[in-house]
Amino acid sequence: RDTFFMSSYDVVIVGAGPCGYMAAYKLIKKAKEEKALQKDPNYQKSLVEKKFLDGFDASQETIEDVKAKFEVDPEIGLTENEAQKRLNAYGPNKLIEAKKETVMQMFLGEFKDPLVLILLVAAVIDAVIAIINGNEIADWAEVGVILAIVILNAVIGTAQEAKAAQSLEALKKMSSPSCTVRRDGKLKTVKATEVALGDVVILEEGTITPADVRLTTSVNLKSDEASLTGESVPSEKDCNALLKGDHAVGDESNIAHSSCPISYGRGEGIVVGTGMNTQIGKIASMLQENNEETPLQKKLAELGKILGFICIGIVVAMFIVGLLWLIPSFMNGTFKPEDIINLFTAAIALAVAAVPEGLPAVVTIVLAMGMSKMVKVNAIVRKLPSVETLGAVTYVCSDKTGTLTQNRMTIKKVYANNQIIDADKVDIHSEEFELVTKGMMLDSNASINGDRYGDPTEIALLDFAHLFNIEKEETEKSSLPRIDEMPFDSVRKMMSTIEADGTIIFTKGALDSILSRANRILINGEVRDITDGDIANINNAAKELAQQAFRVLAFAIHNGEKINEDNLIYVGMVAMIDPPRLEAKPAVEKLHRAGITTVMITGDHADTALAIGRELGIATSPEQTMTGAEIDKCTPEQLQELVKTKRIFARVSPENKVEIVKAIKANGGIAAMTGDGVNDAPSLKAADVGIAMGITGTDVAKSAADIVLADDNFASIEKAVEEGRGIYSNIKKTIFFLLSSNFAEILVMFLATCANIIAPMTAMQLLWINLITDSLPAIALGRDDKDPDIMNNAPRNPKDGIFAHGGFKFNMFYVTKYGLTWNQMMASESLKEVLIAGRDKSIYANWNDVYNALNNGTNLNSILSADGIKSMEIFLNGTNWFFIVAFGFGLILQILVTEVPGLTDIFLGHSNGLEWYNWMICAALGIVPLIVHEIAVPFLRKREVI
């Protein structure tokens, strides 16, 4: 059962039930997409390139080995003919994607939902009834209404899907439109898509790397790989570096990665990967994986299957009961063929009663209303089902840089005069601290005057000086103009400038470089020779700061007419870090109280991640930290166990992030993943809910996500989770409400058949109840306010079905309540003749359903409570004004179809309206379920059903 055999995309289904057919649909769809992709000639060429590169890691090969592998001399480059041959062989330097679905394919795909399939079956059944009854207008009206609902639902779903992730398009936009290559010994500008494997690429500050490049030359080269690795500062590149063994992408200091801008210096290199064979390409291939269904979609699919079996079961049962009643007439010779037709018509009407025709549309509308609520907490929802899923999350997996942190290097500590002082407590009037602050500011090439530009480390120095109203441009103009400079390079690891007519030289750089050239120290206003004790104190302070994951930058001065870096006077050092967002820690605490675990997943170093994690309360010890290299050595089963206790995953690759999310999901968790970089995109797509940053987030991350935070505020996640829980609660109410009404209709119709009396309702009346008098109050339920204590509860168990915690008994309670009330109505002698003759039951449904919706509301304030004030809060205070609209509009429509000539012919089968006492009886009987409910409320609350 539900077993599939695949061979060259041919699918054989063996004994598949409803579940199997849905699985087959997805399997065939994926197979067709893969087959179409494999027919793409560029895809085939990328596979050829992949085979050529298989087993070759350029970061672990010498420059000579790389030159030999790609048969190119960096001084000459490829010839034009050779470049064209390689483009023909390996394809253009661009990302490849599966053929996109057309709007019509999206539209048709909406009809695979089980509930929608049931509605289509109901429409076919109604069409059969219409034909049997001689093509009556009223019968065909039923068919038209159902099809209209199905089409409306499909249109809404198609509109949402049309706005789905455009990840590959965003990735393409990130690609460099043009670049400089060396061919035939000459420099040439070509389109990025025309870069061939083995091309020699020229990299300069401000350019974007067009492909993965193994550097052959590097001069103070830095590449901004934050969106790829998650590191806060540009990565220093060194063509002479040689990696060994397993390593993360961020460790590849001899590789310039595709789509990453060059932030400093210059370099050259050989292209060692193009298109889908770059690190960006690997991410793109991961983004092509199919989306999984959300928990709500799975539950509604299960519900649809159950309802499908119920429909079949009740039709068969009713038909059998009807046949049993026909046995006497068959025995005595009074049997008529039309009796079978009437029985079949009654059975079909019962099947219509079992189908909640308005459920798909109502759930979609409730989710859409939830989207508007999310916007109010700065969460922009891109995919409707994620609104509900967010309320079920058990893990929030967050990227560090730009999500939990500010993505802005900030000076937090300053060391001078043998003491470490918090940056905001520095005495700027002290000579040493003033020199450190002003000198390091001037010894930089960044600017924060207007647009902020420059190295993040240097920007942090300017921000620190700005705290004391010291501005770089103003200082240079007024007192300390720059005369000359000695730029930073990766060998010296220092930068120096000479200021004020050659009277003072400022030098900043790595601590070991500064100390190796310093022979004096400025301490407590006095310059003296530096001692071993001074050096020990400085190194101990630096070690203390490093243990807190601070990045340390040292500062020295000396006098001279010409710029040089000898005989330095050590002054002090600053410690900087990308600090946590102020709102992040309270948000982590709130999520913890709500039973949600926060996990940090970052490409940054483990010690930095742990320091931030400790400050935010995510982790407390190194034992809770795990690296990407350790993940690579784990089996999926081992990782499943480790994610239960690990809270920080550092130095991870995009593949590692996806593996972590999948491990959490394999343990039964519901994972929300946050991020802003390209490296986050695959995990955003793999998570149950992907959450991207709206301001600092890349287009790729936003396109891959389900939800985008408009304010980049981690605290907005907590608010969005709260809204998501409230939305799920409302959806559950609407489902309970609709199904209890439908099951009650089934009970009444079935009991009428068992009693061998005429069916109390026609299919048209049932359809009217299900679509109009049910749907409006159900939508009102979807607007209900959330429980103020909803975040004090643990997340719901993902394995719990719609009817968990006594939900089925709750529904059956209402089914019995309404069923008995309806049968009381049928037993009324004054109304029985009207019901049997005219079938005017539908008027009662409006009262019954509105009261039912009111009783299922969140507030659950008793309509007949003792104080008599809060009992009518919904109506008097307007806490949910749509209840009033639903009640009033439904009542008006009900009056129209039961009193207006023409409409009464369609809905009642005759032109006579109801008498005043019929209305009174309906109103009185409608109050009965309300009274029963108020008595049951305390017991239902105690069982946590409501």
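Residue numbers (this note's numbering): 8 to 953. Yeah, the Cβ is synthetic: ideal placement off N, Cα and C, and Gly gets one too.
Residues near residue i in its chain [Cβ-Cβ closer than 7 Å; skip 5 each side]
i	result
R621	T627
A386	I714, L716, S723, A727
M283	S53, L102, I103, A291, S292
D1001	Residue 1001 is absent from the model: the chain starts at 8 and stops at 953.
E7	What is shown of the chain runs 8 to 953, which leaves residue 7 out entirely.
N414	S239, T408, D585, T703
L411	S405, P587, R588, A591, M607, I619, L623, F721
A65	V73, R221, I262, V279
P363	L745, L746, N749, N777
E961	Limits of the chain in this structure are 8 at one end and 953 at the other, which puts residue 961 out of reach.
E955	A question about residue 955 goes unanswered here, because the residues of the chain that appear run from 8 up to 953.
Assumed close pair residue i, residue j - CB separation to whole angstroms, cut-off 8 Å
i	j	result
S451	V696	41 Å between Cβ atoms; not a contact.
A467	M583	5 Å
A137	I153	Between I153 and A137 the Cβ distance is about 12 Å, and since that is not below 8 Å, they are no contact.
D219	T165	The Cβ separation is near 38 Å, so there is no contact.
G257	R558	Going by Cβ atoms, the distance from G257 to R558 rounds to 15 Å, so no, they are not a contact pair.
K420	M448	Contact flag wrong, Cβ pair sits at about 17 Å.
I655	A616	5 Å
M580	A543	Contact flag wrong, Cβ pair sits at about 15 Å.
Identity of the residues DSSP links to residue i by a beta bridge
i	result
I243	In the sequence on display, residue 243 carries Glu and not Ile. Answer by DSSP bridge pairing, in chain order: K229.
E492	T504
L210	G274
T187	T196, I209
K515	M502, F562
E533	I530
D219	G280
T224	E275
P268	I215
L85	R190
Beta-carbon contacts of residue i that lie in its chain and below 8 Å, excluding the five residues immediately before and after
i	result
C979	The structure shown does not extend to residue 979, since the chain is modelled only from 8 through 953, so no value can be given for it.
N674	Q647, V650, K651
S957	The requested residue 957 is not part of the displayed model; the chain covers only 8 to 953.
L643	For clarity, residue 643 is Pro in the given sequence; the question names Leu instead. E666, K669, A670, A673, listed in sequence order.
L330	L350
The ligand ADP heavy atom lying under 7 Å from the CB of residue i
i	result
F471	The ligand ADP is absent from the structure shown, which contains no ligands of any kind.
For residue j and residue i, the rounded distance between their alpha carbons
i	j	result
V595	L649	21 Å
N925	L745	25 Å
T652	E730	28 Å
I321	V707	50 Å
L481	D458	The amino acid occupying residue 481 in the given sequence is Glu; Leu does not appear at that position. Roughly 16 Å separates the two Cα atoms.
T514	E572	7 Å
N763	L310	31 Å
I70	L85	16 Å
P81	V55	24 Å
D539	G272	36 Å
P908	K119	40 Å
R803	A679	15 Å
F326	L126	21 Å
V208	M416	31 Å
L94	A203	6 Å
K198	P99	10 Å
I428	R389	46 Å
D61	K664	23 Å
R524	P494	17 Å
K193	T187	10 Å
M798	D791	17 Å
I899	T760	31 Å
Residues near residue i in its chain [Cβ-Cβ closer than 6 Å; skip 5 each side]
i	result
K709	A699, V715
E551	none
D718	N385
F77	G205, I277
K196	Note that residue 196 is Thr in the sequence shown, not Lys. These residues qualify, in order along the chain: S185, T187.
Length at least 3, wholly inside the stretch 373-457: the beta strand (DSSP E) runs in chain order: 386-388, 402-405, 417-423, 426-429
field: Start-end ranges of the alpha helix (DSSP H) lying completely within the stretch 546-633, minimum 4 residues
entry: 591-600, 613-623
task: Taking only runs that begin and end inside the stretch 646-684, name each unbroken alpha helix (DSSP H) of 4 or more residues, in chain order.
output: 661-673
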